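Chemist: Have a look at the structure that comes next, please.
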């Protein structure tokens, strides 16, 4: 988009002050993602969880000249153009609607419970060379994501493909105010985002509102309710159904389990396409794409060619520890201008490296002339402070002179891998961004620190989702402390803390001072509470501005001595632990007068008052838990009445947040809930698994009757079978307790028993005669088996399982 401030105000019926001729080409709603102020405006969006007006000052300090907000805030006397609107989200919707109306562009709108992003990305892969296409970046389909996606379109674009998502009733009405697609695509009706709807029919009715003004609706006809609803509501439109049922317009006529190419009936005949992946979700997504291509009059031969060349859509970004203290950000699954922009913006989340380095390849699958394309790319890259840039390919290297940073050019990945200068990089953040044909995964393998095939994948977006699920139980003003003790429950230290800091967690909690020091050394600036301040750690706590838990007079006296020794005179923050029935640590009621006197005499500041609930996850202990909370309330009230401080009060842990919401006080503490685990059966379906422990099959060997397996011959075959040797053992965190059929692992969605004794570095699994191959993935825990089920195998709890995963297991951090 490209508008003057006056045009923005006119299109949205907003008030404007300042320079009305300021040009705006991009709206930014996250002040952390401001890297250039040129032709950018900051919109102070208000949501249920946040208010963008808090970040206006930061936006102005970064040079933004146009601010869109609900009122004029203090601008430090600078020359700011203000666009004033009563509702910034409505402003965004109105602007996107007007922008789209001004374009001569055909539109496809995709909605449904699952498959939206895959269908959109596959349509883009199929159509980019037929016409100029603009699409939603990644899975931008929310009330904010949809308008921002639409605002990327310009007069040169011929087709817009946009996802449209909802999570609550009445949201689609607002989405359809922004966007009414000419061609509507309905992918699948499932349980995703269904928790706020009374039933499946209400969810479907809401989603179908998107198609009220559509000319054509292409839909999954295998679901009876979807089919009947669309046919009854929109019988006056062109309706095209796809699916596996024989009543559909687009369908697979061949048996799904056959090995030959499928015979597919389309609107104007038949085509034959071989599918290697034949699960129903993939087939439905492919049929949706075929239906759209067929309706757009793409020839049969081209459809076959395009479907055969579809690439899997992997919408994730990995961060991996590299050699020489480097951090590798691998986002090499796709490359276009939108994904490049998103990848570059994420670099701001990593502030602990001396320099940032970009590895960038030629861009394919974009219908644009090279000169214009790479000028745009260079301008985009130059907005970011990069130490070095490595360009790979025969096209992009022609434009190396356009990049401001020190730039190196290579024809292919192998040349870069062999480059001596590149192999001397240290303490840097290296972003890998490239088209698939360049095989940047080979470069990633060269750069990463550990090459062990066993990995612990941590999905940061799932952690954020789980935090937001718990936040939905809280008042907007209630703060949240994230517990990152014990290496963030085994998931990683500063990697998790950095992510949480970027997403507005208020406090961090660690067990020991050393954990807090590691976070501080890696540029984590949030307040950090140390829950077990050891006697020799007080100097370290003070040096690194950590905040100790004070649970006894001995601890208090020793900490006061350390403060005096260092000459600290300002009111140092401490956290008071109250004993309410767990009988581990804390002050009792009879201690409080002496405690308050010591705090007052020694000029300390009470940052918080808290306690631990012993059984917040146990419904049978509700009476005891309420007694704990009552004692905590009375004792903390006693302290509050006798201090001038305004300490935060907190007693709820992860299960407490959902089971005892009414006692949230000023702050809550989330730990295992971030990872996607709860004992509350009503809450568990709302959470996402944030961790996947997986490895690969190293070798498959036959085992005949009477032959034994492993150390001490604990397993002997009674029939012909096959044994898969797995690259993980008790040195990685798999207890020997799981030997000889007591534990199971997942391969291709099915559970297989561990047989023989678990070894230090490997274990063996009986796979029978199933079609499994060497190199196949093996799930230790994630979906099947789940973390909870794996903990049952181990006769323990999920906390112990996670913290037992060895440090030698490579942690990979991904963002969907």
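Residue numbers (UniProt numbering): 1 to 816.
We put the CB at the ideal spot given by N, CA and C, even for glycine.
Owing to the predicted nature of the structure, the values given are computational and were not obtained by experimental measurement.
Take residue 159 as the anchor and find which of 190, 100, 213 and 166 has the nearest alpha-carbon.
Modeler: 100
Chemist: Taking its Cβ as the centre, do 16 or more other Cβ atoms sit within 10 Å of residue 500, making it buried, or is it exposed?
Modeler: So residue 500 counts as buried.
Chemist: Excluding five sequence neighbours on each side, which residues of the same chain lie with their C-beta closer than 6 Å to the C-beta of residue 736?
Modeler: 730 and 758
Chemist: According to DSSP, simplified to helix, strand and coil, what is residue 128?
Modeler: coil
Chemist: Look up residue 722 in the DSSP assignment and give the residues it is bridged to.
Modeler: 702
Chemist: Using alpha carbons as the reference points, say which of 744, 768 and 220 lies closest to residue 788.
Modeler: If we check each option's Cα against that of residue 788, 744 comes out closest.
Chemist: Kindly indicate which residue of 338, 374 and 324 has the alpha-carbon position closest to the one of residue 353.
Modeler: 324
Chemist: Answer yes if the segment 483-495 comes into contact with the segment 53-67, meaning at least three C-beta pairs across the two stretches below 8 Å, and no otherwise.
Modeler: Cβ pair count under 8 Å is below three, so no.
Chemist: Since residue 243 is in the alpha helix (DSSP H), which residue starts that stretch and which ends it?
Modeler: Residue 243 -> not in any alpha helix (DSSP H); beta strand (DSSP E) instead, spanning 238-243.
Chemist: Can you grab the Cα-Cα spacing for the pair residue 281 / residue 509, in whole Å?
Modeler: 41 Å
Chemist: For residue 687 and residue 779, I'd like the C-alpha separation in whole angstroms.
Modeler: 19 Å
Chemist: Across which residues does DSSP place residue 3 in a beta bridge pair?
Modeler: 24
Chemist: Does the distance from the CB of residue 185 to the CB of residue 110 come in under 8 Å?
Modeler: yes
Chemist: Can you tell me whether residue 13 is buried or exposed, with buried defined as 16 or more other CB within 10 angstroms of its CB?
Modeler: exposed
Chemist: Helix, strand or coil for residue 628? Go by DSSP, reduced to three states.
Modeler: Looking at residue 628 - three-state DSSP - the assignment turns out to be helix.
Chemist: Identify the continuous alpha helix (DSSP H) that holds residue 790 and give its terminal residues.
Modeler: 787-793
Chemist: I need the boundaries of the alpha helix (DSSP H) containing residue 499, first residue and last residue.
Modeler: Run containing residue 499: 494-502, per the alpha helix (DSSP H) assignment.
Chemist: Closer than 7 Å by C-beta to residue 663: which residues in its own chain qualify, once you throw out the five before and the five after it? Chain order, please.
Modeler: 629, 651 and 652
Chemist: Taking only runs of the beta strand (DSSP E) that begin and end inside the segment 731-789, which ones reach a length of at least 3 residues, in chain order?
Modeler: List check, beta strand (DSSP E) in window: 744-747, 750-755, 763-766 and 777-781.
Chemist: Grab me the residues of residue 206's own chain with a C-beta within less than 8 Å of its C-beta, minus the 5 sequence neighbours each way, in chain order.
Modeler: 166, 169, 170, 171, 172 and 197
Chemist: Between residue 725 and residue 794, what straight-line distance do the alpha-carbon atoms span, to the nearest angstrom?
Modeler: 20 Å
Chemist: Should residue 766 and residue 698 be called a contact, given that it needs their Cβ atoms to be closer than 8 Å?
Modeler: no
Chemist: Reducing DSSP to helix, strand and coil, say where residue 457 ends up.
Modeler: strand
Chemist: What are the boundary residues of the beta strand (DSSP E) that includes residue 107?
Modeler: 106-111
Chemist: Do you know whose CA, among 631, 454, 792 and 574, lies nearest residue 805's CA?
Modeler: 454
Chemist: For my contact list, residue 241 and residue 219 are in at a C-beta cut-off of 8 Å; report their separation, rounded to the angstrom.
Modeler: 6 Å
Chemist: For residue 823, write down the residues that DSSP places opposite it in a beta bridge.
Modeler: Residue 823 lies beyond the range of the chain shown here (1 to 816); nothing can be said about it.
Chemist: Per DSSP, what kind of secondary structure is residue 186 in: helix, strand or coil?
Modeler: strand
Chemist: If you draw a straight line from the alpha carbon of residue 783 to that of residue 224, how long is it in whole angstroms?
Modeler: 28 Å
Chemist: Looking only at DSSP bridge pairs, what is residue 676 linked to?
Modeler: BP columns for residue 676 are empty, so no partner.
Chemist: Just tell me which of 429, 556, 250 and 435 has its CA closest to the CA of residue 360.
Modeler: 435
Chemist: Just curious, the alpha helix (DSSP H) that residue 516 is in, first and last residue?
Modeler: If you look at residue 516, you'll find it in the alpha helix (DSSP H) that goes 513-521.
Chemist: Near residue 797, which residues of its chain fall below 8 Å by C-beta distance, leaving aside the five closest residues on each side in sequence?
Modeler: 791
Chemist: Nearest by alpha-carbon distance to residue 78: which of 95, 96, 57 and 88 is it?
Modeler: Between residue 78 and the set 95, 96, 57 and 88, the nearest pair of CA atoms involves 57.
Chemist: Cα separation between residue 42 and residue 146?
Modeler: Straight-line Cα distance between these residues: approximately 17 Å.
Chemist: What are the boundary residues of the alpha helix (DSSP H) that includes residue 407?
Modeler: Segment 406-410 is the beta strand (DSSP E) holding residue 407; no alpha helix (DSSP H) there.
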